[in-house]
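Undergrad:
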Amino acid sequence: TRLRQICCHPSLFIDNYKGESGKLNQCIEIVKDAIQSGHKILLFSGYTAMFEIIEKELQKENIEFLKLTGQTKVSERINLVDEFNSNPTKNYS
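Sequential numbering from 190 applies to the sequence shown in the working numbering.
1. Quick check on Val-220: buried or exposed, where buried means 16 or more other Cβ atoms within 10 Å of its Cβ?
2. So does the stretch 226–235 actually touch the stretch 198–205, counting three or more Cβ pairs closer than 8 Å?
3. For Gln-194, I'd like the list of residues in its chain whose CB is within less than 6 Å of its CB, leaving aside the five on either flank, ordered along the chain.
4. Count the other C-beta atoms from every protein chain shown that fall within 10 angstroms of the C-beta of Ile-267, then say buried if there are 16 or more, exposed otherwise.
5. Using the beta-carbon count (16 or more within 10 Å), is Cys-196 buried or exposed?
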């Protein structure tokens, strides 16, 4: 598990890590390229902490998104899925 975490982003493994992550940088570039091409994106992660890191980067880039995790209530999930399906500008993580 620890090796998988460090492969996702070093801050999941190293406390107070302030450096960059090549994997995260590439992920954000792919997301930006896909959005510019008119695509919607679904991102999956086994670590909710990784979503927090991705969220911060998406917010820096002013990219709107919806978030669904295992903690999301069933009633909210339905609303999120409906919004994703009906709103062409929202992305999903």
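Just so you know, even glycine gets a beta-carbon here, dropped at the ideal spot from N, CA and C.
Being a predicted model, the structure only gives us computed values, none of them experimental.
TA: In terms of the structure at hand:
1. buried
2. no
3. Leu-201, Phe-202
4. exposed
5. exposed
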